[in-house]
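To start, the structure under review is shown below, and the notes come after it.
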Amino acid sequence: MRIDAARLSQADRIAGAATVVLLVSLFLPWFTVSAGPFGYSWSGITAHSYLWLVFVLCLGIIAFLVLGAGPAGMPVQLPVPRETILLAATVLNMLIVLLAFFVRPNGFGIVTITWTFGAFIALFAAIAACGHTAMLIMQARSGR
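Numbering (the numbering used here), first residue to last: 20 to 163.
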């Protein structure tokens, strides 16, 4: 099967690239626990096991886009537009990542817990994955 990237819209490509970045960022350090001179970091998946759902959704989004870029396009007729499906999946990812970002484990005593770069990358990637598609859908509905 040959994949033709020209079959993907700009929104598909942006959502796909941001989804791949989000997928990788789930395994980057999200939180650092420090107690004096000692420190340890947790990945998003380690800190919040429900982020496995984001992992599965990312794989589904990537598969959806790859199928759409195949030589025959989508193998079945979809009941709703592709953009709506893509938007729903990326918005769900964004909401789960927002929850994981703001539900930071609490430190106690001399133990402090802070965000690290993986959490910020995931947050920005999740927003980027759905933001462009949402803007295009809103522009199409307004007739621009």
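Glycine included, each C-beta is placed from N, C-alpha and C at the ideal position.
Computed from a prediction, not measured in an experiment: that's the story for all the values here.
Between the alpha carbons of Leu-70 and Leu-76 lies a gap of roughly 10 Å.
Annotated three-state conformation of Ile-129 is coil, per DSSP. According to the DSSP secondary-structure assignment, Phe-50 is paired through a beta bridge with Trp-61 and Trp-134. Apart from sequence neighbours up to five positions away, the residues of its chain that approach Thr-103 with a beta-carbon distance below 8 Å are Ile-156, ordered along the chain. Here His-151 carries a helix assignment [DSSP, helix/strand/coil].
Distance between Ala-107 and Tyr-59, taken at the CA atoms: about 35 Å. Taking C-beta atoms as the reference points, Gly-137 and Ser-62 count as a pair closer than 8 Å. The C-beta distance from Gly-87 to Asp-31 rounds to 7 Å, short enough to fall under 8 Å.
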